[in-house]
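Report on the following structure.
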Amino acid sequence: MVYPIVKLILSPIYKLWLRKVENIENAPKDKPFIIAANHSSYYDALLIHVILIPRIDKKIHAMVNSLYWKYLIARIFLDLGECIPVFVDKEKNSKEKNKLAFEKALTYLKKGEIVQIFPEGTRSFEGKLKKAYTGIARLALRSRVPVLPCGIIDSNKVLPKGKNLPRFKRCEVKIGKLMYFEKYYDKKINEKILQETTRKIMKEIAKLTNQKYNY
Numbered sequence: 000m001v002y003p004i005v006k007l008i009l010s011p012i013y014k015l016w017l018r019k020v021e022n023i024e025n026a027p028k029d030k031p032f033i034i035a036a037n038h039s040s041y042y043d044a045l046l047i048h049v050i051l052i053p054r055i056d057k058k059i060h061a062m063v064n065s066l067y068w069k070y071l072i073a074r075i076f077l078d079l080g081e082c083i084p085v086f087v088d089k090e091k092n093s094k095e096k097n098k099l100a101f102e103k104a105l106t107y108l109k110k111g112e113i114v115q116i117f118p119e120g121t122r123s124f125e126g127k128l129k130k131a132y133t134g135i136a137r138l139a140l141r142s143r144v145p146v147l148p149c150g151i152i153d154s155n156k157v158l159p160k161g162k163n164l165p166r167f168k169r170c171e172v173k174i175g176k177l178m179y180f181e182k183y184y185d186k187k188i189n190e191k192i193l194q195e196t197t198r199k200i201m202k203e204i205a206k207l208t209n210q211k212y213n214y
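Counting from 0, one number per residue, gives the positions in the sequence shown under numbering that gives the first Met the number 0.
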């Protein structure tokens, strides 16, 4: 069992605030894929991990803002989870560092492992979908692996902005069907294709969360 701490400790704790999970069978056990989920709370950070790892028994490498590596406890957990740091524009040499992060994600996928991305890049505290970045599309098209859309509902009510402890609320997770983008594989990747692919992924997440994606 990869990450035994997830199964033995984190999973039971997380489920205290988890109302239900739908369609977990959509997550394959025999192939790599990219998890794309919406993000509205710190509670989301490990939520998909504790749901999927007991089923697929594979590592999930989350792409995470590099700023969290500045905190000792966070850095220990991020390194144990083999997370991938993503650098914001204001950091020195951020473009070069993000290219390396992207290649690391590709390497994990080629090894048959899983990569997780929050396409919005940051939390939407009110739970409404924000405009997504195209990194999810670029990774999907370069790696040629499917995307698993996941909709997280009400996690912002479990652990709202500014709160250090969870409230007496529960969230739910709806897992969509794998998304394939074969029609783009043999085409030159350009901004139009990246935007179209990103929009398709976000529209699936919108359906799962009973929202609309209007970007």
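Even glycine gets a Cβ: it sits at the ideal position worked out from N, Cα and C.
Is DSSP giving residue i helix, strand or coil here?
i, result
"residue 173", "strand"
"residue 113", "strand"
"residue 137", "helix"
"residue 26", "coil"
"residue 188", "coil"
"residue 225", "Outside the shown range of the chain (0 to 214) lies residue 225, about which nothing can therefore be said."
"residue 148", "strand"
"residue 3", "helix"
"residue 166", "coil"
"residue 220", "Absent from the structure is residue 220, since the part of the chain shown begins at 0 and ends at 214."
Please list the terminal residues of the continuous alpha helix (DSSP H) segment that includes residue i.
i, result
"residue 95", "93-109"
"residue 49", "46-55"
"residue 157", "154-157"
"residue 11", "10-13"
Less than 8 Å between the beta carbons of residue i and residue j, yes or no?
i, j, result
"residue 46", "residue 151", "yes"
"residue 201", "residue 104", "no"
"residue 60", "residue 114", "yes"
"residue 64", "residue 87", "yes"
"residue 126", "residue 149", "no"
"residue 193", "residue 137", "yes"
"residue 178", "residue 144", "no"
"residue 196", "residue 183", "yes"
"residue 28", "residue 112", "no"
"residue 35", "residue 51", "no"
"residue 15", "residue 170", "no"
"residue 108", "residue 204", "no"
Starting from residue i, trace the beta strand (DSSP E) both ways and give me its first and last residue.
i, result
"residue 64", "59-64"
"residue 33", "33-36"
"residue 84", "83-85"
Strictly by DSSP, which residues pair up with residue i?
i, result
"residue 120", "BP columns for residue 120 are empty, so no partner."
"residue 21", "173"
"residue 178", "146"
For residue i, collect the residues of the same chain with a Cβ closer than 7 Å to its Cβ; drop the 5 residues on either side in sequence, then sort them by chain order.
i, result
"residue 141", "105"
"residue 84", "63, 65, 68, 100"
"residue 180", "139, 140, 196"
Please work out which residues of its chain come closer than 8 Å, Cβ to Cβ, to residue i, disregarding the five sequence neighbours upstream and downstream, and give them in chain order.
i, result
"residue 166", "156, 157, 158, 159"
"residue 206", "150, 175"
With a threshold of 6 Å on Cβ separation, who are the neighbours of residue i within its own chain once the five nearest residues in sequence on each side are excluded?
i, result
"residue 22", "174"
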